[in-house]
Amino acid sequence: MKNINWFHYAAPQTFYGLAGKAWPWFAVLATLLMLAGMWLGFVVAPTDFQQGEGYRIIFVHVPASWMSMVIYLAMAFWSVLGLTFNTRLSGMMTRALAPTGAMFAFLSLWTGALWGKPMWGAWWVWDARLTSELILFFLYLGYIALTSAIDDTRRSDRAGALIAIVGAINVPIIYFSVKWWNTLHQGASVSLTKAPSMAEIMLWSMLLMALAFWFYTVALVLYRVRTLILLRESHATWVHELDEVKP
Amino acid sequence: MSGGAFMAVLRRDLLLAMRRKSEVLTAVFFFVVVAALFPLGIGPELNTLRLVAPGVLWVGALLSSMLALQRLFEADYRDGTLEQMALSPTPMPLLISAKLLAHWLVSGVPLVLLAPVLGLQFDLSVDALLTLTLALLLGTPVLSLVGGIGAALTLGVRGGGVLLSLLVLPLFIPVLVFGAGAVEAQASGLGAQAHFSILMAMLLPAAFFSPFACAAALRIALE
Numbered sequence: 497m498k499n500i501n502w503f504h505y506a507a508p509q510t511f512y513g514l515a516g517k518a519w520p521w522f523a524v525l526a527t528l529l530m531l532a533g534m535w536l537g538f539v540v541a542p543t544d545f546q547q548g549e550g551y552r553i554i555f556v557h558v559p560a561s562w563m564s565m566v567i568y569l570a571m572a573f574w575s576v577l578g579l580t581f582n583t584r585l586s587g588m589m590t591r592a593l594a595p596t597g598a599m600f601a602f603l604s605l606w607t608g609a610l611w612g613k614p615m616w617g618a619w620w621v622w623d624a625r626l627t628s629e630l631i632l633f634f635l636y637l638g639y640i641a642l643t644s645a646i647d648d649t650r651r652s653d654r655a656g657a658l659i660a661i662v663g664a665i666n667v668p669i670i671y672f673s674v675k676w677w678n679t680l681h682q683g684a685s686v687s688l689t690k691a692p693s694m695a696e697i698m699l700w701s702m703l704l705m706a707l708a709f710w711f712y713t714v715a716l717v718l719y720r721v722r723t724l725i726l727l728r729e730s731h732a733t734w735v736h737e738l739d740e741v742k743p
Numbered sequence: 019m020s021g022g023a024f025m026a027v028l029r030r031d032l033l034l035a036m037r038r039k040s041e042v043l044t045a046v047f048f049f050v051v052v053a054a055l056f057p058l059g060i061g062p063e064l065n066t067l068r069l070v071a072p073g074v075l076w077v078g079a080l081l082s083s084m085l086a087l088q089r090l091f092e093a094d095y096r097d098g099t100l101e102q103m104a105l106s107p108t109p110m111p112l113l114i115s116a117k118l119l120a121h122w123l124v125s126g127v128p129l130v131l132l133a134p135v136l137g138l139q140f141d142l143s144v145d146a147l148l149t150l151t152l153a154l155l156l157g158t159p160v161l162s163l164v165g166g167i168g169a170a171l172t173l174g175v176r177g178g179g180v181l182l183s184l185l186v187l188p189l190f191i192p193v194l195v196f197g198a199g200a201v202e203a204q205a206s207g208l209g210a211q212a213h214f215s216i217l218m219a220m221l222l223p224a225a226f227f228s229p230f231a232c233a234a235a236l237r238i239a240l241e
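Protein chains in written order, with the numbering used here: chain A, 497 to 743; chain B, 19 to 241.
See below:
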């Protein structure tokens with residue numbers, strides 16, 4: 497394999513072009529996959545004999561929870577990269593990821609509550625997974641609050657990177673402590689684990705939705721990074737020579 | 019030589035804290051007041067109070083340490099001492115660990131000493147009081163160590179105090195879970211040994227890594 501010069505794309509100027517070419521593709525793919533997943537999940541998949549129609553919310557709920565965790569990992573990854581190589585783009589990537597991650601965490605909590613009310617008879621139980629998802633949401637909010645409170649972009653990127661890494665180290669500790677805390681108290685009267693064998697069609701639908709959320713995230717983050725690049729590089733000449741910027 | 023610097027920073031911070039007693043005492047009294055408010059809110063049922071006591075005292079300790087954390091680097095940041103520390107040939111994490119230790123001695127130890135007294139108001143048994151005190155002794159240093167990172171990051175930032183709580187409180191959850199859980203485990207006859215081990219397992223890595231993370235955060239703030 498020939499060496500690809502990854503650092504070439506670390507420059508905001510070159511990445512701006514790449515992201516501009518890539519994001520519409522991801523957006524189209526996300527839309528197609530989401531339509532396919534929704535069709536499978538809401539039309540083709542049979543009604544569950546125990547949970548009725550209400551179970552269909554897992555086609556949104558589960559992929560959203562997955563994404564909320566993946567995005568936090570991605571933020572930690574870009575933060576490590578940013579602090580070690582001192583690249584400006586990493587900070588922008590982390591910042592572009594955070595709102596989407598917070599949105600997915602919130603979506604997962606919201607859909608979980610909607611699912612929990614008919615199934616468990618409660619909007620909220622202090623289950624380990626619910627609690628740790630809530631804390632993950634708090635971590636996103638903390639990151640966003642910190643980075644938006646610091647005006648100097650360099651400082652806010654680096655401070656945000658540090659708190660993202662500290663948070664990522666803490667996520668497993670928080671998860672296990674909440675889990676043990678939950679088992680120490682009386683066990684949850686309801687279990688989140690579903691019937692062991694999920695119908696194949698439901699699994700496919702869920703996977704399609706998960707892929708759709710992935711592509712949606714990539715498309716949105718690339719778009720957001722382009723905006724951030726324009727904002728931060730507005731003093732550079734190459735920005736003023738862009739077709740979309742030229743008056 | 020670095021040992022000398024460590025002791026010097028420690029002594030200086032303790033001396034400064036002694037000269038400004040009111041600042042130290044505010045956080046401590048906050049703890050006392052918060053603990054006294056809960057029975058008023060919940061009602062004087064001793065059975066209920068005994069149940070909630072560990073949680074109430076731990077949450078009180080968390081909030082009171084939030085108040086104390088805001089002052090951890092503030093004065094040194096304003097008068098330039100931190101810059102001198104960053105420039106000094108002594109490794110910055112060492113100096114920071116002296117500051118963190120001083121901070122814990124001033125803000126954490128009073129909480130540990132007060133907790134049994136407040137626990138009496140909640141009608142805790144002697145056994146539970148001992149467990150609570152020991153858990154606080156192991157847990158409060160973690161609060162200072164992890165909170166120090168947040169305090170360093172929010173240095174001189176708009177709305178720093180509220181921001182600090184938003185950043186740091188979620189990270190305190192494991193300490194809260196096992197700290198308050200220790201008392202409950204003791205009361206239910208399981209023994210608090212496992213909880214103490216886990217608290218210690220949080221304290222040791224935090225004591226090692228936190229000064230480095232704090233130093234990195236301070237360098238970002240000082241740029």
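Every residue, glycine too, gets a C-beta built ideally from N, C-alpha and C.
Item: CA-to-CA distance, D141 (chain B) to F709 (chain A), given in whole angstroms; Value: 53 Å
Item: Exposure label - S106 (chain B); buried when at least 16 CB within 10 Å; Value: exposed
Item: Beta-carbon separation (whole angstroms), A170 (chain B) vs F91 (chain B), contact threshold 8 Å; Value: 6 Å
Item: Straight-line Cα distance separating L131 (chain B) from I725 (chain A); Value: 53 Å
Item: For G61 (chain B), three-class secondary structure by DSSP; Value: coil
Item: Spatial distance of G207 (chain B) from G137 (chain B) (CA atoms); Value: 19 Å
Item: Classification of D17 (chain B) by the beta-carbon crowding that lies within 10 angstroms, buried from 16 upward; Value: For residue 17 (chain B) there is no data in the structure shown, the boundaries of chain B being 19 and 241.
Item: Nonlocal neighbours in the same chain, by C-beta distance under 7 Å from A570 (chain A), ignoring five residues either side; Value: L593
Item: Length of the line joining the Cα atoms of P595 (chain A) and I640 (chain A); Value: 8 Å
Item: Limits of the unbroken alpha helix (DSSP H) element including Y568 (chain A); Value: I554 to F581
Item: Top-ranked residue by Cα proximity to L626 (chain A), from A:V721, A:E737, A:W562 and A:A506; Value: A:W562
Item: P229 (chain B) vs S115 (chain B) beta-carbon contact at 7 Å; Value: yes
Item: Neighbourhood of A506 (chain A) by C-beta, 6 Å cutoff - its chain only, sequence neighbours within 5 removed; Value: T583 and L585
Item: Within 7 Å, strictly: CB atoms of W574 (chain A) and Y719 (chain A); Value: no
Item: Beta carbon of A706 (chain A) nearer than 7 Å to that of L579 (chain A); Value: no
Item: L738 (chain A) classed as buried or exposed, judged by whether at least 16 other C-beta atoms fall within 10 angstroms; Value: exposed
Item: Cβ pair R728 (chain A), T607 (chain A) closer than 7 Å; Value: no
Item: 7 Å CB neighbourhood of I646 (chain A) in its chain, flanking five on each side removed; Value: S652 and A655
Item: Proximity winner among B:G59, B:L221, B:A79 and B:V201, relative to A45 (chain B) (alpha-carbon distances); Value: B:A79
Item: Residue(s) in a DSSP beta bridge with G612 (chain A); Value: Paired residue(s): none; G612 (chain A) is not in a bridge.
Item: Contact set between R651 (chain A) and chain B, taken where Cβ atoms lie within less than 8 Å; Value: I238, A239 and E241
Item: Interface flag, I567 (chain A) vs chain B, CB-CB below 7 Å; Value: no
Item: Min CB distance I191 (chain B) to chain A below 7 Å; Value: yes
Item: Where V540 (chain A) falls, given that 16 or more other Cβ within 10 Å makes a residue buried; Value: exposed
Item: Chain A within 7 Å of R176 (chain B), Cβ atoms only; Value: yes
Item: Distance CB(L605 (chain A))-CB(E629 (chain A)) smaller than 7 Å; Value: yes
Item: Spatially closest choice to M588 (chain A) from A:V717, A:W734, A:V735 and A:S730, by CA coordinates; Value: A:V717
Item: Collapsed DSSP secondary structure at G683 (chain A) in the structure displayed; Value: Low per-residue confidence applies at G683 (chain A): pLDDT is 43, beneath 50, and the placement is therefore not dependable, though the value from the model is reported in the following sentence. Coil at G683 (chain A), not helix or strand.
Item: Proximity test, Cβ basis, 7 Å: V195 (chain B) and chain A; Value: yes
Item: Cβ-based burial, H731 (chain A) [other Cβ within 10 Å; buried from 16]; Value: exposed
Item: Proximity winner among A:W677, A:W611, A:E740 and A:W620, relative to F555 (chain A) (alpha-carbon distances); Value: A:W611
Item: Short CB-CB distance (under 7 Å) between F226 (chain B) and chain A; Value: no
Item: V160 (chain B) vs V42 (chain B) beta-carbon contact at 7 Å; Value: no
Item: Local conformation of G548 (chain A) per DSSP, three classes; Value: strand
Item: Whole-angstrom distance between L637 (chain A) and A560 (chain A), CA atom to CA atom; Value: 17 Å
Item: Contact with chain A by I114 (chain B), beta-carbon distance below 7 Å; Value: no
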